[in-house]
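Protein chains in written order, with the working numbering: chain A, 11 to 166; chain B, 11 to 166.
From the three backbone atoms N, C-alpha and C, an ideal C-beta is built for every residue, glycine too.
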DNA sequence: ATATAAAACTTTAAGCTTGAAATATCTTGA
DNA sequence: TCAAGATATTTCAAGCTTAAAGTTTTATAT
């Protein structure tokens, strides 16, 4: 995945391969830095942060399946992370009257407060880590990645 | 991390935050697809592929520490993955005369042959998954990400 | 009604990942 | 020389991740 630049391959398709490698290395580098800071400064993890960020947008809560779909991870994965967040009092599960298979998952008041603090720091970190990318480049890149993604989603 | 587009936040720094979210979602989407195909078609995993890709570039082999640095993962992580590749006969460890703490890790002949096959398929998949990105955009994006990364690396 | 399928979620086994501690080896300086 | 520190790697515990199998509940088609 993170194949090296050494032989500098060329030919058809190589530009896209190179793009993918850069994309992956960039996101892994940033992810690693964020993970470390979340651990050191807030004693939490990236997956917990992801779940809380998803829930923060929707005060009334989300279904487990919506959560896993949104986060692009498996169902079982979310179960474990939510379990831990519940045991820490940051997230609550609420059985629903209508469909007893499902449960609404939402941030507790403590979870909401906690996330707001962490998210503010997180936004600052991103600004710092991507500081060298101009605002204009950021918007251009975002646009390219968005159109890529919507194209891609069409195929599944 | 994968915070949602719903409230459509704005303000200083929001463009970079949005860029980061797009970047992460794009790489996770592609990664998930690659993982699935590697499993289904070659019964292997992304981490194994990553290690083999790194070693493929360097026939004489790499030290464990170089490998983990190159792949942006921890030392202990690489140990486990290499252990499994060794037990599958795809990778070999060779103790060195000079420094007996270290060992050179390299692909076996079988590993080299196996990787070449998988890498060809992999390149095709990337071409397919990124097919909607024009070659020109691919080069532009790559350039932006490269300069980002070299800027970033300067700070550590 | 009631079997059958579908859906939502959890559990499980295997593997990946990290950070920290442990081990072994090498290097350096008194 | 040899103790102290540095380096390379492995081990360990905890948590993350997936795919597949299992459980409970709901929907559908006789």
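Alpha-carbon spacing of residue i relative to residue j, whole angstroms
i	j	result
residue 122/B	residue 36/A	27 Å
residue 70/B	residue 149/B	31 Å
residue 109/B	residue 103/B	14 Å
residue 118/A	residue 100/A	5 Å
residue 140/A	residue 23/B	9 Å
residue 115/A	residue 97/A	13 Å
residue 154/B	residue 90/A	37 Å
residue 92/B	residue 135/A	34 Å
residue 34/A	residue 156/B	11 Å
residue 129/B	residue 130/A	41 Å
residue 72/A	residue 124/A	19 Å
residue 133/B	residue 146/A	31 Å
residue 137/B	residue 142/A	29 Å
residue 56/B	residue 65/A	29 Å
residue 94/B	residue 45/A	26 Å
residue 151/A	residue 25/B	10 Å
residue 107/B	residue 76/B	18 Å
residue 88/A	residue 126/B	36 Å
residue 52/A	residue 68/A	23 Å
residue 47/A	residue 120/A	21 Å
residue 50/A	residue 144/A	28 Å
residue 105/A	residue 74/A	12 Å
residue 15/A	residue 113/B	Note that residue 15/A has pLDDT 39, beneath the 50 cutoff, so the model's placement of it is unreliable and the number below is only indicative. Between residue 15/A and residue 113/B, the C-alpha separation is close to 24 Å.
Classification of residue i by the beta-carbon crowding that lies within 10 angstroms, buried from 16 upward
i	result
residue 78/A	buried
residue 111/A	exposed
residue 166/A	Bear in mind that the predicted position of residue 166/A carries a pLDDT of just 38, short of 50, making it too unreliable to give a figure here.
residue 54/B	buried
Residue i CB to nearest heavy atom of the ligand NAD below 7 Å
i	result
residue 105/A	With respect to small molecules bound, the structure shown includes none, and the ligand NAD cannot be examined in it.
Worksheet item: At a Cβ cut of 9 Å, what residues of the region 54-85 of chain B count as close to chain A, listed as they run along the chain?
Response: 56, 57, 59, 60, 63, 64, 66, 67, 68, 80, 81, 82 and 83
Discussion item. If we require 4 or more residues per run, which alpha helix (DSSP H) segments fall completely within the region 44-88 of chain A?
Written reply: 56-66 and 74-81
Fill in: contact_flag[the region 26-41 of chain A, the region 26-34 of chain B] where n(CB pairs < 8 Å) is 3 or more
yes
Worksheet entry | Selection of the region 22-51 of chain A by Cβ proximity to chain B, strictly under 7 Å | 23, 25, 26, 27, 28, 29, 30, 32, 33, 34, 35, 36, 37, 38, 39, 40 and 42
Worksheet item: Using 8 Å as the Cβ pair cut-off and three pairs as the minimum, do the region 80-87 of chain B and the region 53-64 of chain B touch?
Response: yes
Item to complete: Compile a chain-ordered list of the residues in the region 109-142 of chain B whose CB is closer than 7 Å to at least one CB of chain A.
Response: 133, 136, 137, 139, 140 and 142
Item to complete: With 9 Å as the limit, tell me which residues of the region 87-110 of chain B have their beta carbon closer than that to any beta carbon of chain A; keep them in chain order.
Response: none
Practice prompt. Pick out the complete beta strand (DSSP E) segments inside the region 92-120 of chain A, 3 residues or longer, and give them in chain order.
Written response: 101-105 and 113-117
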